[in-house]
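Taking the numbering used here, the leading residue of the sequence shown gets 2, the next gets one more, and so forth.
Where a beta carbon is used, it is the ideal one built from N, C-alpha and C, also for glycine.
Below: one structure, written as structure tokens.
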Amino acid sequence: MTDDKNAGHGSADQPEAVLPRFSVNVVPLESTSVERVRDAINRFRADDPQPLIIGDGATPEAALIPFTAFVRLMRHDYAAHVRGEDAFQRQLLRRIKDSDARRERGEAGTELAGDEQFDAWVEASFGEIGRNWVRDRQSREEGADGA
Numbered sequence: 002m003t004d005d006k007n008a009g010h011g012s013a014d015q016p017e018a019v020l021p022r023f024s025v026n027v028v029p030l031e032s033t034s035v036e037r038v039r040d041a042i043n044r045f046r047a048d049d050p051q052p053l054i055i056g057d058g059a060t061p062e063a064a065l066i067p068f069t070a071f072v073r074l075m076r077h078d079y080a081a082h083v084r085g086e087d088a089f090q091r092q093l094l095r096r097i098k099d100s101d102a103r104r105e106r107g108e109a110g111t112e113l114a115g116d117e118q119f120d121a122w123v124e125a126s127f128g129e130i131g132r133n134w135v136r137d138r139q140s141r142e143e144g145a146d147g148a
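Written as structure tokens, this is what we have:
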């Protein structure tokens, strides 16, 4: 038995949400036979979604799950991505409109791209994708300033 301490929360490819504590039985890779995989698939067919967790020692490294569970996870991840993108687009649109309104009034501070708070929000909200976007935008600005 092991717990979720091996799940690596917070990496670029894993969500930040903390799961409640749970335990799994890890089947060592060297003892994972075709028969054990068949048994797991037969359990899935009988509506027993208990995954087959494979790893070395007590460290889980892979999970064989029902395909319906995989599809549900993919839908959840996609929905989270769409929600994040929607929030990003709404925030960006609001800032563009605010910047345009300030520009029309002749006020200073009409630069949308130089907004450090916005950059920080993008990075915090979108992780690696946000950091890449900010870095690319800053590179373009530096190139334009030098031209």
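Starting from LEU20, trace the alpha helix (DSSP H) in both directions and tell me its first and last residue. Looking up residue 20 in the sequence shown gives position 19. For LEU20, there is no enclosing alpha helix (DSSP H), as DSSP marks it with neither H nor E.
Could you give the DSSP three-state label for GLU62: helix, strand or coil? Mapped onto the sequence shown, residue 62 falls at position 61. Note: GLU62 maps to strand in three-state DSSP.
Cβ-Cβ distance between LEU30 and ILE66 below 9 Å: The count along the sequence shown starts at 1 and reaches residue 30 at position 29. The count along the sequence shown starts at 1 and reaches residue 66 at position 65. At the C-beta level, LEU30 and ILE66 stay beyond 9 Å of one another.
What does DSSP give as the partner residue(s) for ILE54 in the beta ladder? Here the question's residue 54 lines up with position 53 in the sequence shown. The beta-bridge partner set that DSSP reports for ILE54 consists of VAL27, ALA64.
Using a Cβ-Cβ cut-off of 7 Å (strictly less than) and excluding sequence neighbours within five positions of GLY85, which residues of its own chain qualify? As a first step, residue 85 must be located in the sequence shown, where it is residue number 84. Scanning its chain for C-beta atoms nearer than 7 Å, with the 5 sequence neighbours on each side dropped, one finds around GLY85 the residues SER126, PHE127, in chain order.
Decide if VAL27 is buried, meaning its Cβ has at least 16 other Cβ atoms within 10 Å, or exposed. Here residue 27 refers to the residue found at position 26 of the sequence shown. Around the C-beta of VAL27, 16 or more other C-beta atoms lie within 10 Å, and the residue is accordingly described as buried.
Three or more beta-carbon pairs under 8 Å between the segment 88-103 and the segment 43-57, yes or no? Under the three-pair Cβ rule at 8 Å, the segment 88-103 does not count as touching the segment 43-57.
With respect to the alpha helix (DSSP H) encompassing ALA41, which residues constitute its N-terminal and C-terminal limits? Translated into positions along the sequence shown, residue 41 becomes position 40. 35-46 is the extent of the alpha helix (DSSP H) around ALA41.
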